[in-house]
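Visitor: Chains as they are written, first to last, in the numbering used here: chain A, 3 to 117; chain B, 912 to 1026. Cβ atoms here follow ideal geometry from the backbone N, Cα and C, with glycine treated the same way.
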Amino acid sequence: AQKITQTQPGMFVQEKEAVTLDCTYDTSDQSYGLFWYKQPSSGEMIFLIYQGSYDEQNATEGRYSLNFQKARKSANLVISASQLGDSAMYFCAMRERGSNYKLTFGKGTLLTVNP
Amino acid sequence: GAGVSQSPRYKVAKRGQDVALRCDPISGHVSLFWYQQALGQGPEFLTYFQNEAQLDKSGLPSDRFFAERPEGSVSTLKIQRTQQEDSAVYLCASSLEPGGRGELFFGEGSRLTVL
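1. What ranges does the beta strand (DSSP E) occupy inside the stretch 78–115 of chain A, keeping only unbroken runs of at least 3 residues that lie completely in it?
2. Is residue 105 (chain A) close to chain B? Criterion is C-beta to C-beta, closer than 8 angstroms.
3. Can the beta-carbon of residue 917 (chain B) be found closer than 8 angstroms to that of residue 1021 (chain B)?
4. Within the continuous beta strand (DSSP E) that includes residue 68 (chain A), where are the two ends?
5. When you compare each of A:63, A:71, A:108, A:22 to residue 7 (chain A) by their alpha carbons, which one comes out closest?
6. Against residue 1012 (chain B), what residues of chain A qualify as contacts under a CB-to-CB distance less than 9 angstroms, listed in chain order?
7. Using the beta-carbon of each residue, which ones in chain B are nearer than 7 angstroms to residue 12 (chain A)?
8. Kindly say whether residue 923 (chain B), judged by its beta-carbon, lies nearer than 8 angstroms to any beta-carbon of chain A.
9. Comparing C-alpha positions only, which one of B:987, B:980, B:989, B:976 sits nearest to residue 941 (chain B)?
10. Using 10 angstroms around the beta-carbon of residue 41 (chain A), count the other beta-carbons present and answer buried if the total reaches 16, otherwise exposed.
11. With 8 angstroms as the threshold, decide whether the Cβ of residue 972 (chain B) is near any Cβ in chain A.
12. Throw me the rounded Cβ distance for the residue 930 (chain B) and residue 993 (chain B) pair, which I believe falls under 8 angstroms.
13. Between A:103, A:35, A:114, which has its C-alpha nearest residue 968 (chain B)'s C-alpha?
14. Determine, using beta carbons only, whether residue 1001 (chain B) comes closer than 8 angstroms to chain A.
15. Can you tell me where the beta strand (DSSP E) with residue 22 (chain A) in it begins and where it stops?
16. Where does residue 955 (chain B) sit, in a helix, a strand or coil, going by DSSP?
17. Measuring CB to CB, does residue 4 (chain A) end up less than 8 angstroms from residue 24 (chain A)?
18. Report the CB separation of residue 46 (chain A) from residue 116 (chain A) in whole angstroms; it is logged as a contact under 8 angstroms.
19. Check the C-beta distance from residue 90 (chain A) over to residue 105 (chain A) and give it rounded, since I have them as a contact under 8 angstroms.
20. Which one of B:943, B:951, B:995 has the shortest CA to CA distance from residue 988 (chain B)?
21. Can you find a CB in chain A that lies within less than 8 angstroms of the CB of residue 983 (chain B)?
22. Are at least three pairs of beta-carbons, each pair with one atom in the stretch 79–88 of chain A and one in the stretch 29–37 of chain A, less than 8 angstroms apart?
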């Protein structure tokens, strides 16, 4: 089974609107971390936000927030007030306690922000 | 430099050639990862170093792939007798400490094309 599932290959959003990128995960570990990375066309992976499995509050970083629903094993990324520079690939990733610290990535969602 | 540096950025190899990809992590970062990213996919884990020790090489696809980090800083990923299926972007990432909220800092990758 896929450990990280991103069901939206592509998403479109109008500039200044909010958008939600979906991510579901599969793990039997009780302790794990969830990450979102942005990959613009230059290729570099840019860290956006982190959520620990024991964190009681949803993580927020500026315009990024993570809608963490533990029982449903979902960790959706919400981008508020989209900007043209947000157009990029977005990857959800998980680090499990027993994984030797490696991240497992989903297949990604290509976000296009329209003017 | 301040970030993770990878070289070469682009490499074209003839099938059967050996290639070496270099990663210069952020100074002082203990953990170093190599990932392989095929076109349109998320990064796939290859191998992990903690200082000079290679603690996990479970993701290396075959014995043609070899990685080293002899002095605990610069790392080299070597691919022997390259095949067309080795064509991908090879990403290097480092972090200050393993696990937890340890953010991975990625380089821009080395794009390998095998003809």
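Guide: From the atom records:
1. Runs found: 90–98.
2. The beta carbon of residue 105 (chain A) falls within 8 angstroms of a beta carbon belonging to chain B, placing the residue at that interface.
3. Pairing residue 917 (chain B) with residue 1021 (chain B) gives a Cβ-Cβ distance under 8 angstroms.
4. Run containing residue 68 (chain A): 66–71, per the beta strand (DSSP E) assignment.
5. Looking at A:63, A:71, A:108, A:22, the one whose alpha-carbon comes closest to that of residue 7 (chain A) is A:108.
6. The answer, in chain order, is 35, 52, 54.
7. In chain order: nothing, as chain B lies at least about 11 angstroms away.
8. It does not: the Cβ of residue 923 (chain B) has no partner Cβ on chain A nearer than 8 angstroms.
9. The candidate whose alpha carbon is nearest that of residue 941 (chain B) is B:980.
10. Buried.
11. With 8 angstroms as the cut-off, residue 972 (chain B) does not count as an interface residue toward chain A.
12. Separation of the CB atoms of residue 930 (chain B) and residue 993 (chain B) is rounded to 6 angstroms, and the pair is thereby assigned contact status at 8 angstroms.
13. Of the candidates A:103, A:35, A:114, the one whose C-alpha sits nearest the C-alpha of residue 968 (chain B) is A:103.
14. No, no contact with chain A.
15. Counted as a single uninterrupted DSSP element, the beta strand (DSSP E) harbouring residue 22 (chain A) occupies residues 21–23.
16. In the structure shown, residue 955 (chain B) sits in a strand (DSSP, three-state: E or B).
17. No. Outside cutoff.
18. That belief does not hold up - the Cβ atoms of residue 46 (chain A) and residue 116 (chain A) are roughly 24 angstroms apart, past 8 angstroms.
19. That pair is no contact at about 18 angstroms.
20. Checking every option, the nearest Cα to that of residue 988 (chain B) belongs to B:943.
21. Not closer than 8 angstroms to any Cβ of chain A, the Cβ of residue 983 (chain B) fails to qualify, so no.
22. No contact exists between the stretch 79–88 of chain A and the stretch 29–37 of chain A.
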